[in-house]
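With UniProt numbering as the guide, the letters of the sequence shown map in order to residues 1 to 449.
Structure first, commentary second.
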Amino acid sequence: MTAEANSDDRVTRPTLTTPDAFTRMFEIMLNFLVPGESERYELTLKTAPLAFAYYVPLQLLAYLSRRGNTRNLRFLLLPVTLIMIVIGTFWFGKPYDPDTFFLELIRGLSSLTCIAQALDFTFAGYGRRKVGETTLPPLGSCTPEDTTEVKHAGNGHHSRNNDQKGRETTWYQEVAETMCAMRGIGWNFGKGVVIPPEERDLNKGPFLRDTFFAFLKGYIIIDTIQMLFANLPSIGSFYGASIFYPELSPLSRYALSTVLHILVGVVVDFSLQTWYHLTTLFCVGVLGQSPVSWPPVFGKPWLADSLHVLWAREWHQLLRRTFMVLGGIPGSWIAGRAGMVMGSFIASGLYHECGMYLLNRGVHWRVPLFFTLQGVGVICEDLFKRVTGKRVSGWAGRIWVAFFMVFLAQICTDSWISRGMANVRVLPSLARIFLAPPIRWITGLALEN
Numbered sequence: 001m002t003a004e005a006n007s008d009d010r011v012t013r014p015t016l017t018t019p020d021a022f023t024r025m026f027e028i029m030l031n032f033l034v035p036g037e038s039e040r041y042e043l044t045l046k047t048a049p050l051a052f053a054y055y056v057p058l059q060l061l062a063y064l065s066r067r068g069n070t071r072n073l074r075f076l077l078l079p080v081t082l083i084m085i086v087i088g089t090f091w092f093g094k095p096y097d098p099d100t101f102f103l104e105l106i107r108g109l110s111s112l113t114c115i116a117q118a119l120d121f122t123f124a125g126y127g128r129r130k131v132g133e134t135t136l137p138p139l140g141s142c143t144p145e146d147t148t149e150v151k152h153a154g155n156g157h158h159s160r161n162n163d164q165k166g167r168e169t170t171w172y173q174e175v176a177e178t179m180c181a182m183r184g185i186g187w188n189f190g191k192g193v194v195i196p197p198e199e200r201d202l203n204k205g206p207f208l209r210d211t212f213f214a215f216l217k218g219y220i221i222i223d224t225i226q227m228l229f230a231n232l233p234s235i236g237s238f239y240g241a242s243i244f245y246p247e248l249s250p251l252s253r254y255a256l257s258t259v260l261h262i263l264v265g266v267v268v269d270f271s272l273q274t275w276y277h278l279t280t281l282f283c284v285g286v287l288g289q290s291p292v293s294w295p296p297v298f299g300k301p302w303l304a305d306s307l308h309v310l311w312a313r314e315w316h317q318l319l320r321r322t323f324m325v326l327g328g329i330p331g332s333w334i335a336g337r338a339g340m341v342m343g344s345f346i347a348s349g350l351y352h353e354c355g356m357y358l359l360n361r362g363v364h365w366r367v368p369l370f371f372t373l374q375g376v377g378v379i380c381e382d383l384f385k386r387v388t389g390k391r392v393s394g395w396a397g398r399i400w401v402a403f404f405m406v407f408l409a410q411i412c413t414d415s416w417i418s419r420g421m422a423n424v425r426v427l428p429s430l431a432r433i434f435l436a437p438p439i440r441w442i443t444g445l446a447l448e449n
């Protein structure tokens, strides 16, 4: 009887199939690398060294990418770097605070950029080379900053100052330059990148002065608009709300949502420029990099007459390589140029959405959808040119761009604002101290009437 019972137990006991085992292992690994909000350690000055420790192997990868015959070392270091980036990003976090909300968002987005950089440094078969370089020095040696004259040709390549040519750089200067080469200016992967025309004096002193005043201008604009957002009903609250106010008539509702959407676009534009100017001041003023390595980051996106012109010429190219590595290059292997376009925009959509995950505000489909539709629009422009022999341009092109960027883009803005982004503080605010009280008084009178 006992033997029969034991036999029955062996027959009826559920078994874990191979697919189930792999699924369970994946879940355990995912929960280990990306724990829930309640299981994260608070990000403080004490835990910050652990959270950002991944910059050590990442900088080592950047250094190795500038040395010959280091590919095997880079491949060995890659898994460690990727795991440290994920753990450093998702094991630590801060409770919701408007003063640090934006910094947490940037921390999440930066980690994805670091993942792309780690992959890029590793898979650069012959290392990361500047334009004109044919070989890289062996491990342990210094590299001249420039060995050839590279002329600016509107494709991301700038000439260097003559007094810097042939001068050896320290390892930390080289690592900083390699990691800051987001657009590939003067590098082999920067071919085809369009650089907006420079309007600042390229002598170091005047350049730093002009950059500082550009930073100050951006700060004032951002601070004023975000102070206004924070004091608007509903959308300026802790959790945010839709930009489409349901209590308004359809005409008023969409007119207001369009105005709010445009203001968000202004904040995005100037936020990127302001932080770029701040980084420029540090890299040129402190690290001693050349002003020509930090050209303008934006063109004039409001004048774009096609999506090609908007995304390839007028919009910033700081994340171009990131999206190429995470989606464009793999997409090109599958479907050529169309795959590259769609892969880059899908990667862009996931990038912008995954950054919100760290903020514990859920995952929305609208942001990836918006960026995916941009890829569809670019492919439609390719088809139009193939059929007609003409590119999308002129007033018809501007209307086409406005359809995407003013009408369709509101789903993206609404997704962000409905998750509390209107109350984010990009920089320490002065306008909230001096302008917020009268704004609240005026909006209060308007609501009473």
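Beta carbons are placed, not taken as given, at the ideal position from N, Cα and C, and that holds for glycine.
These numbers come from a predicted model, not from an experiment.
Taking residue i as part of the alpha helix (DSSP H), name the residues at either end of that continuous run.
i: P330; result: I329 to Y357
i: I83; result: R71 to F90
i: I411; result: Q410 to I417
i: H261; result: P250 to G285
i: G132; result: Unbroken run through G132: none, as it is neither H nor E.
i: M421; result: That residue, M421, is in no alpha helix (DSSP H); it is neither H nor E in DSSP.
i: R321; result: R320 to F323
i: I225; result: K204 to A230
i: R366; result: R366 to T388
i: G397; result: G394 to A402
i: Y55; result: Y55 to L64
i: L50; result: A48 to A51
i: M179; result: W171 to C180
Throw me the rounded Cβ distance for the residue i and residue j pair, which I believe falls under 8 angstroms.
i: V424; j: Q317; result: At roughly 24 angstroms, the Cβ-Cβ gap does not stay under 8 angstroms, so V424 and Q317 are not in contact.
i: V367; j: S415; result: 5 angstroms
i: G188; j: V131; result: Before going on, a small fix: residue 188 reads as Asn here, not Gly. With 8 angstroms as the limit, N188 and V131 qualify as a contact, their Cβ atoms being about 6 angstroms apart.
i: F345; j: G375; result: 3 angstroms
i: F298; j: I222; result: F298 to I222, Cβ: 14 angstroms. No contact.
i: G184; j: R321; result: 6 angstroms
i: A422; j: G236; result: 5 angstroms
i: L256; j: L248; result: 7 angstroms
i: F384; j: L281; result: About 43 angstroms; that fails the 8 angstroms criterion.
With a threshold of 16 other CB atoms inside 10 Å of the CB of residue i, please say whether the residue is buried or exposed.
i: P291; result: buried
i: P197; result: exposed
i: P246; result: exposed
i: F403; result: exposed
i: A409; result: buried
i: G349; result: buried
i: Y239; result: exposed
i: C412; result: buried
i: D201; result: exposed
i: R74; result: buried
i: C380; result: exposed
i: W400; result: buried
i: W311; result: buried
i: F371; result: buried
i: G331; result: buried
i: R209; result: exposed
i: V387; result: exposed
i: L76; result: exposed
i: T122; result: buried
i: V309; result: buried
i: A48; result: exposed
i: I417; result: buried
Quick one: residues in its chain with C-beta nearer than 7 angstroms to the C-beta of residue i, no 5 flanking neighbours on either side, listed in chain order?
i: A51; result: L43, G88 and F92
i: P296; result: P196 and E198
i: T81; result: Y54, P57, L58, L61 and A118
i: R398; result: D305
i: A124; result: S65
Sorted by chain position, which residues of the same chain lie with C-beta nearer than 8 angstroms to residue i's C-beta, five sequence neighbours on each side aside?
i: T70; result: L64, G127 and L139
i: I329; result: M340 and G343
i: R40; result: F90, W91, F92 and G93
i: N161; result: In this prediction, N161 scores a pLDDT of 45, lower than 50, which makes its location untrustworthy; the coordinate-derived value is nonetheless stated afterwards. Cβ neighbours of N161 beyond the five flanking positions: S290 and V292.
Taking 6 angstroms as the limit between beta carbons, can you name the residues of its chain near residue i, skipping five residues before and five after?
i: L109; result: G355
i: R129; result: N188
i: Y351; result: L112
i: R419; result: G240 and R361
i: G285; result: L208
i: T100; result: K94
i: F229; result: G236 and A422
Between residue i and the ligand ZN, is the CB less than 7 angstroms from at least one heavy atom?
i: I417; result: Ligands are entirely absent from the displayed structure, and the ligand ZN is therefore not among its contents.
Open item on the list: Can you confirm whether the stretch 391–408 touches the stretch 300–316 when touching is taken to mean that 3 or more C-beta pairs between the two stretches lie within less than 8 angstroms?
Closed with: Look at the beta carbons and you see the stretch 300–316 touching the stretch 391–408: at least three pairs across the two are nearer than 8 angstroms.
Open item on the list: Contact between the stretch 318–336 and the stretch 111–128 is defined here as three or more beta-carbon pairs at a separation below 8 angstroms; is this criterion met?
Closed with: Yes, the stretch 318–336 touches the stretch 111–128.
Open item on the list: Three or more C-beta pairs under 8 angstroms: does that hold for the stretch 210–221 against the stretch 267–278?
Closed with: Contact holds: three or more Cβ-Cβ distances are below 8 angstroms.
TODO: Spell out a yes or no on whether the stretch 340–352 and the stretch 98–107 are touching, meaning 3 or more CB-CB pairs, one atom from each, closer than 8 angstroms.
DONE: As far as the Cβ criterion goes, the stretch 340–352 does not touch the stretch 98–107, which means the pair count is below three.
TODO: Please confirm if the stretch 282–289 is in contact with the stretch 171–191, defined as three or more CB-CB distances below 8 angstroms between the two stretches.
DONE: In short, these stretches touch, since the Cβ pair count reaches three.
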